[in-house]
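Visitor:
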Amino acid sequence: MDIVETVRTELRAAADTFSIGKSERGNDILCAHCGGHGGRQIIITAGIHARECYTAFVALRQIRDYNIRGDDGAYIIPLVNPDGARFFESGDAQGSEILGAYAGEYRKWKANASGVDLNCNFDANWGMGALNKRYVGASDYIGAYPFCAAESMALKLFTERVMPSATVSYHCMGGELYWEFFQRGAARRRDEAFAAAVARKIGVKKVDGHLDSAGGYKDWCVQRLGIPAVTVELIKSGSHPFCAADFAPDVEANADLPAFIFDLLNERS
Ligand SMILES: [Zn+2]
1 MDIVETVRTE LRAAADTFSI GKSERGNDIL CAHCGGHGGR QIIITAGIHA RECYTAFVAL
61 RQIRDYNIRG DDGAYIIPLV NPDGARFFES GDAQGSEILG AYAGEYRKWK ANASGVDLNC
121 NFDANWGMGA LNKRYVGASD YIGAYPFCAA ESMALKLFTE RVMPSATVSY HCMGGELYWE
181 FFQRGAARRR DEAFAAAVAR KIGVKKVDGH LDSAGGYKDW CVQRLGIPAV TVELIKSGSH
241 PFCAADFAPD VEANADLPAF IFDLLNERS
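In the numbering used here, the protein residues as written are 1 to 269.
#1: My guess is that Trp179 and Lys156 are in contact by the Cβ rule of under 8 Å, so how many angstroms apart are they, rounded?
#2: So Leu234 and Val58 are in contact, right, with Cβ under 8 Å, and what is the actual spacing, rounded?
#3: Hey, how far is the Cα of Ala85 from the Cα of Met153?
#4: Let's test the definition: count the other Cβ atoms within 10 Å of the Cβ of Glu52 and tell me whether it reaches 16, buried, or not, exposed.
#5: Use the C-beta contact count for Phe182: other C-beta atoms within 10 angstroms, 16 or more gives buried, fewer gives exposed.
#6: If you measure between the beta carbons of Val222 and Glu176, is that distance less than 8 Å?
#7: Rounded to whole angstroms, what is the Cα-Cα separation between Pro258 and Ile68?
#8: Check the C-beta distance from Tyr66 over to Gly35 and give it rounded, since I have them as a contact under 8 Å.
#9: To the nearest angstrom, how far is it from the Cα of Thr167 to the Cα of Ala13?
#10: Go ahead and label Arg61 buried or exposed: buried means 16 or more other beta carbons lie within 10 angstroms of its beta carbon, across all protein chains shown.
#11: List in chain order: all unbroken alpha helix (DSSP H) runs of 4+ residues lying wholly within the region 104-177.
#12: Measuring from each Cβ to the nearest heavy atom of ligand 1, keep the ones under 7 Å and list them in chain order.
#13: Return the CA-CA distance between Ala138 and Leu79, expressed in angstroms with no decimal places.
#14: Ends of the alpha helix (DSSP H) at Gly100?
#15: By alpha-carbon positions, which one of Ala229, Pro146, Cys31 ends up nearest to Ala199?
#16: Please say whether Cys120 and Gly215 have beta carbons closer to each other than 8 Å?
#17: Assign Tyr217 to one of two classes, buried (16 or more other C-beta atoms within 10 Å of its C-beta) or exposed (fewer than that).
#18: Tell me whether Phe181 sits in a helix, a strand or coil according to DSSP, three-state version.
#19: For the candidate residues Gly143, Glu105, Asp72, Gln94, whose alpha-carbon lies nearest to that of Phe262?
#20: DSSP beta-bridge partners for Asp19?
#21: So what does DSSP say about Gln62, is it helix, strand or coil?
#22: Closer than 6 Å by C-beta to Ile20: which residues in its own chain qualify, once you throw out the five before and the five after it? Chain order, please.
#23: Go to Ala14, then tell me how far its beta strand (DSSP E) extends in each direction, as first and last residue.
#24: Leaving out the 5 sequence neighbours to the left and right, which residues in its chain are closer than 8 Å to Gly209 when beta-carbon positions are compared?
#25: Exposed or buried, what is Cys172 when buried is set at 16 or more other beta-carbons lying within 10 Å of its beta-carbon?
#26: Per DSSP, which residues does Gly35 bridge with? Please list them.
#27: Roughly how many angstroms lie between the CA atoms of Val4 and Ala186, to the nearest whole one?
#28: Give the DSSP bridge partners of Val232, in chain order.
#29: Which two residues bound the contiguous alpha helix (DSSP H) that contains Val251?
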């Protein structure tokens with residue numbers, strides 16, 4: 001069973017599952033809602049980069065283990081980029097001309113089926129990142145305009161509908177957590193405290209500075225929604241491509257992160 005099918009099968013068994021939209025090749029981008037609706041909501045995403053698709057297992061475990069009572073709730077999206085994940089796993093171009101043209105690069109693919117790097121396609125200093133590219137490829141292509149990709153647009157619209165109190169995005173690798181994107185004053189102090197607590201909880205290193213990042217989901221959440229948002233780079237060392245088993249320690253360390261985040265957010269209020 002490939003990762004797209006694994007996510008579909010597991011989420012079908014979860015209580016409250018729905019699609020936030022379709023990928024460019026017509027795959028549903030599935031989301032599970034855990035917990036209540038009346039309190040604070042958070043959004044957790046994984047698998048926005050194709051070759052990092054096994055970060056989905058961290059999200060699937062959080063869904064499976066979720067047992068928090070009360071009004072707070074978590075929207076968990078294990079695989080934002082299903083087309084890219086399928087390409088990474090199998091080399092299957094799924095009828096995409098671009099994937100077909102880059103068939104030799106499938107094991108290092110990060111982008112979607114149109115060669116757009118979804119985590120460079122958000123409207124937050126779009127196109128200003130140090131590594132940004134203006135041509136299609138395995139990674140770092142910003143797209144023709146912000147949200148030109150079906151997947152980044154779906155995630156934007158969904159996030160605006162939820163208006164979460166915080167977001168967490170899983171990537172790999174590095175064993176690090178990024179949180180900064182030009183915040184100032186009280187917002188900066190709040191977000192740094194949030195980042196430090198989450199980093200300590202899951203055993204990764206908090207890295208300060210905006211690091212020439214631009215156009216990412218975390219960047220957009222910070223800049224446009226004004227909420228704490230973190231990018232977590234799982235797996236401390238090694239090299240791509242990783243296999244599912246490589247994520248086992250991170251799956252354990254992150255299993256109860258939603259509960260921890262609700263405690264943090266509610267302490268603050
Ligand atoms: Zn990534």
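Beta carbons: idealized from backbone N, C-alpha and C, even for Gly.
Guide: In this structure, then:
#1: Within the sequence shown, the letter at position 179 stands for residue 179. Within the sequence shown, the letter at position 156 stands for residue 156. Not confirmed; about 20 Å, so no contact.
#2: Translated into the one-based positions of the sequence shown, residue 234 becomes position 234. Translated into the one-based positions of the sequence shown, residue 58 becomes position 58. About 7 Å; that satisfies the 8 Å criterion.
#3: Locating residue 85 in the sequence shown gives position 85, where the first residue counts as 1. Locating residue 153 in the sequence shown gives position 153, where the first residue counts as 1. Whole-angstrom Cα-Cα distance: 18 Å.
#4: Sequence index remark: in the sequence shown, residue 52 carries index 52 (1-based). By the 10 Å Cβ count, Glu52 comes out buried.
#5: Counting from 1 along the sequence shown, the entry for residue 182 is found at position 182. So Phe182 counts as exposed.
#6: What you label residue 222 is simply residue 222 of the sequence shown in a count that begins at 1. What you label residue 176 is simply residue 176 of the sequence shown in a count that begins at 1. No, these two residues do not count as a Cβ contact at 8 Å.
#7: Position 258 of the sequence shown, counted from the first residue, corresponds to residue 258. Position 68 of the sequence shown, counted from the first residue, corresponds to residue 68. Distance between the alpha carbons of Pro258 and Ile68: 9 Å.
#8: One-based indexing of the sequence shown puts residue 66 at position 66. One-based indexing of the sequence shown puts residue 35 at position 35. Sure, about 7 Å apart at Cβ, within 8 Å.
#9: For the purposes of this step, residue 167 is taken as residue 167 along the sequence shown, with counting starting at 1. For the purposes of this step, residue 13 is taken as residue 13 along the sequence shown, with counting starting at 1. Roughly 24 Å between the two C-alpha positions.
#10: For the purposes of this step, residue 61 is taken as residue 61 along the sequence shown, with counting starting at 1. Classification for Arg61: buried.
#11: 150-162
#12: Ile48, His49, Glu52, Lys110, Asn119, His171, Cys172
#13: For the purposes of this step, residue 138 is taken as the residue at position 138 of the sequence shown. For the purposes of this step, residue 79 is taken as the residue at position 79 of the sequence shown. So the alpha carbons of these two residues sit roughly 18 Å apart.
#14: Locating residue 100 in the sequence shown gives position 100, where the first residue counts as 1. Start and end: 97-101.
#15: Counted from its first residue, the sequence shown places residue 199 at position 199. Closest option to Ala199, Cα to Cα, is Ala229.
#16: As a working mapping, residue 215 is identified with position 215 in the sequence shown. As a working mapping, residue 120 is identified with position 120 in the sequence shown. Closer than 8 Å, so yes.
#17: Your numbering for residue 217 matches position 217 in the sequence shown. The residue in question, Tyr217, is buried, as its Cβ has 16 or more Cβ neighbours within 10 Å.
#18: For this step, residue 181 is matched to residue 181 along the sequence shown. Phe181 falls in the coil class under three-state DSSP.
#19: In the sequence shown, residue 262 corresponds to position 262, counting from 1. Checked all of Gly143, Glu105, Asp72, Gln94; the closest Cα to Phe262 is Asp72.
#20: Indexing the sequence shown from 1 puts residue 19 at position 19. Checking the displayed sequence, the identity of residue 19 turns out to be Ser instead of Asp. Beta-bridge pairing links Ser19 to Leu30.
#21: As a position in the sequence shown, residue 62 is number 62, starting the count at 1. Note: Gln62 maps to helix in three-state DSSP.
#22: By one-based count along the sequence shown, residue 20 stands at place 20. Hits under 6 Å: Ile29, Cys31, Ala154, Phe158.
#23: In the sequence shown, counting from the first residue as 1, residue 14 sits at position 14. First-last for Ala14: undefined, no H or E at that position.
#24: Working through the sequence shown from its first residue, we reach residue 209 at position 209. So the list reads Glu180, once near-sequence residues are dropped.
#25: Position 172 of the sequence shown holds residue 172. By the 10 Å Cβ count, Cys172 comes out buried.
#26: The residue labelled residue 35 in the question sits at position 35 within the sequence shown. Per DSSP, Gly73.
#27: Reading the sequence shown from its first residue, position 4 is the one you call residue 4. Reading the sequence shown from its first residue, position 186 is the one you call residue 186. Rounded to whole angstroms, Val4 to Ala186 spans 41 Å at the Cα level.
#28: Start at 1 with the first residue of the sequence shown, and residue 232 comes out as number 232. In the DSSP output, where bridge partners are listed per residue, Val232 has Tyr170, Leu177.
#29: For the purposes of this step, residue 251 is taken as residue 251 along the sequence shown, with counting starting at 1. Element bounds for Val251: 248-253.
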